[in-house]
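What follows is a single structure, written as structure tokens, with notes after it.
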Amino acid sequence: MTETIKVRNPRSGQDDYELCVAGAADIEPIARELRGRQRAWQQAGLGHRIEVMQRFRETLLSSSADIAAALSTDTGRRALAMGEVMGLTASIERWCGDAPDLMQTADRQSQALPHVTMREQFEPYPLLGVISPWNFPLLLSFIDAVPALLAGSAVIIKPSEVTPRFAGPVAAAIERVPELHEVLRFVSGDGRSGAALIDQVDVIAFTGSVATGRKVAEACARAFIPAFLELGGKDPVVVLPGSDLERASTAILRASVAATGQACQSLERVYVHESDHDRFVELLAAKARGTPLSYPDPGEGIVGPLIFARQADIIADHLDDAVLKGARIETGGKVEQKDGGYWIEPTVLTNVDHTMKIMTEETFGPVMPVMAYRDEAEAVTLANDSDYGLSGAVFGPTEADALRVAEQIDAGGISINDAGMTTMVFEATKNSFKQSGLGASRMGPTGLTRFLRHKALYINRGDTVPIEFMAEGAGKE
Ligand code: NAD
135 MTETIKVRNP RSGQDDYELC VAGAADIEPI ARELRGRQRA WQQAGLGHRI
185 EVMQRFRETL LSSSADIAAA LSTDTGRRAL AMGEVMGLTA SIERWCGDAP
235 DLMQTADRQS QALPHVTMRE QFEPYPLLGV ISPWNFPLLL SFIDAVPALL
285 AGSAVIIKPS EVTPRFAGPV AAAIERVPEL HEVLRFVSGD GRSGAALIDQ
335 VDVIAFTGSV ATGRKVAEAC ARAFIPAFLE LGGKDPVVVL PGSDLERAST
385 AILRASVAAT GQACQSLERV YVHESDHDRF VELLAAKARG TPLSYPDPGE
435 GIVGPLIFAR QADIIADHLD DAVLKGARIE TGGKVEQKDG GYWIEPTVLT
485 NVDHTMKIMT EETFGPVMPV MAYRDEAEAV TLANDSDYGL SGAVFGPTEA
535 DALRVAEQID AGGISINDAG MTTMVFEATK NSFKQSGLGA SRMGPTGLTR
585 FLRHKALYIN RGDTVPIEFM AEGAGKE
């Protein structure tokens, strides 16, 4: 009998959903079926795949209310749930527009042997396995799946066991597009299902924590398949002296508190020059106090509940550790239970340093620890004093000042005089540095091209080389 696990509702705290845990025996026939269909999907051509994906987009739009409702139960948030559905439809539109150029191939003449023409052929990995997290359940299930499908791969998605409800209405939308249903499926379950999926596919796109990412990388190495890993972050922001503090505090609040801080690219460390520190903290704390919880009415407010109970414990632990070591809470600072859900108001802390977990480990909550620095070199050193290197931000009195500092920060995407740009601009190629990830960028053109293996066809239209060419002494006078 298939095992089931109970799923907690983030607003009520009640277990109100049950999930089947797929094992190898459940995943294997799906993988076999999709592999059987993938070749036809690839050979039907990009034009066909674009047409099918556009129909999927229409289907998503016509089911958007059902999908957003399920996603809203998963995450406890309404506007962002609909935002995820719209974000997915926009990404389908964007990739359908970009794919034709990205999949162009051209013949080239060899310089070494001018009579040899080199022809490129793109060969997609037949079957991609996507393993996704709970913080943006829909978007992060499809962020890699959409370009891979357009590249010609078939895809199996294993969403997080913390937020599985959305997959039902999305699977129904997929079924309404029969050609897509042949090459795209969900499987449900927890880490065991993710581990079983790795053994059935040709490439993995994983989004989640560093700890799990490491296990996934090891399992993929054993299976001898590539893994694209998008992992955690502890994004820094540096505010240089003379910056527009109004602008900086508005952007930093948004980039730290959006989605209740449950985002990999949330700003989690704020470094402000000592001359601006007090004024900046005043502004940030006032704006934080003016950012209400989306409670009790889920149709009002801004800051939703914490989705994952275990994450609520981590946030509370980081706050306790910081306060014990001398940090001062300027506003917020408490994880509270309301009607069974976990909530925390936007929190500003001062008097923090790098002995505290709140400055070194991923907190994943709406928490803004602000630390004063003395000079630019110290700001860069502090920003780089992290195991993570996902993204970050720099504010400066001039663009040139901000760029000078941004160029020294070890992270894949830095917003200049703004924050959280990587959530709004997807066209730039950006790698994850240090422990924030491995493999080609999911953003920019490689988001699609990394699913294509490049094959070279060497067409010799001249003479062939005879064996005598290899003779000892050949080429000597
Ligand atoms: P997680 O690592 O706990 O789980 C992610 C997924 O991995 C889930 O589907 C889970 O079932 C599966 N899994 C667990 N053990 C597995 C195993 N041994 N083999 C295969 N799969 C396994 O992560 P989470 O708590 O769901 O997500 C939050 C984390 O994701 C945070 O660290 C966040 O920063 C990160 N994240 C990163 C990005 C990015 O783009 N870099 C985006 C969003 C979230």
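In the working numbering, the protein residues as written are 135 to 611. Each residue gets a CB set at the ideal place from its N, CA and C atoms; glycine is no exception.
is_contact[residue i, chain C] using C-beta, thresh 8 Å
i	result
Leu153	As a matter of chain content, chain C is missing from the structure shown, which is built from one protein chain.
Terminal residues of the alpha helix (DSSP H) in which residue i lies
i	result
Ser383	379 to 391
Gly349	According to the sequence as given, residue 349 is Lys; it is not Gly. Unbroken alpha helix (DSSP H) run through Lys349: 344 to 357.
Gln176	158 to 177
Cys230	213 to 236
Pro370	Here Pro370 belongs to no alpha helix (DSSP H); instead the beta strand (DSSP E) covers 369 to 373.
Ile436	Careful: Ile436 lies outside any alpha helix (DSSP H) and carries neither H nor E.
Val514	510 to 518
Ala301	301 to 309
Glu313	312 to 315
Ala553	From DSSP, Ala553 is part of no alpha helix (DSSP H); its letter is neither H nor E.
Tyr492	Strictly speaking, residue 492 in this sequence is Ile, with Tyr absent from that position. That run of the alpha helix (DSSP H) goes 491 to 494.
Span separating the alpha-carbon of residue i from that of residue j
i	j	result
Ser549	Ile601	59 Å
Thr557	Val599	54 Å
Gln542	Val514	7 Å
Glu402	Ala553	12 Å
Ile449	Gly499	6 Å
Met555	Arg388	11 Å
Ser377	Ala517	17 Å
Pro293	Gly366	17 Å
Trp175	Arg310	17 Å
Glu470	Ile332	38 Å
Leu591	Pro258	16 Å
Gly607	Phe340	54 Å
Thr136	Pro163	15 Å
Leu418	Ala562	29 Å
Ile441	Asp473	14 Å
Asp487	Pro312	55 Å
Glu495	His452	8 Å
Ser198	Phe276	15 Å
Ile593	Ala246	13 Å
Gly578	Pro260	22 Å
Extent of the continuous beta strand (DSSP E) run through residue i
i	result
Ala471	The sequence shown places Gln at residue 471, not Ala. Run containing Gln471: 469 to 472, per the beta strand (DSSP E) assignment.
Lys564	Here Lys564 belongs to no beta strand (DSSP E), and DSSP marks it neither H nor E.
Asp150	149 to 154
Glu464	462 to 465
Met252	250 to 258
Ile550	547 to 550
Arg319	318 to 320
Tyr507	501 to 507
Thr341	337 to 341
Val528	525 to 529
Ala240	Segment: none, Ala240 is in no beta strand (DSSP E) and carries neither H nor E.
Backbone secondary structure at residue i - three-state DSSP
i	result
Val486	coil
His411	helix
Ala188	Residue identity differs from the one stated: residue 188 is Gln in this sequence, not Ala. Helix at Gln188.
Ser198	helix
Arg183	helix
Lys421	helix
Gln445	helix
Ala140	Position check: residue 140 holds Lys in this sequence, whereas Ala was assumed. DSSP places Lys140 in strand when its eight states are reduced to three.
Gly612	Since the first residue shown for the chain is 135 and the last is 611, residue 612 is missing from the structure and cannot be characterised.
Ser266	coil
Thr459	Per the sequence shown, the amino acid found at residue 459 is Lys instead of Thr. Correct three-state label for Lys459: coil.
Leu365	coil
Gly395	helix
Leu537	helix
Phe88	Look at the range of the chain in this structure, 135 to 611, and you will see that residue 88 is not part of it.
Thr479	In the sequence under discussion, the amino acid at residue 479 is Glu, which differs from the Thr named in the question. Reduced to three states, the DSSP call for Glu479 is coil.
Ala203	helix
Ile543	coil
The ligand NAD heavy atom lying under 7 Å from the CB of residue i
i	result
Ile236	Just to set this straight, residue 236 is Leu in the shown sequence, not Ile. No; taking the cut-off as 7 Å, the Cβ of Leu236 has no heavy atom of the ligand NAD nearer than that.
Leu318	no
Phe362	no
Asn269	yes
Lys564	no
Gly366	yes
Phe498	yes
Ser343	yes
Ser520	no
Val406	no
Thr515	no
- Ranges of the beta strand (DSSP E) found wholly within the stretch 572 to 596, counting only runs of at least 3: For the stretch 572 to 596, whole beta strand (DSSP E) runs of length 3 or above, ordered along the chain, are 586 to 594.
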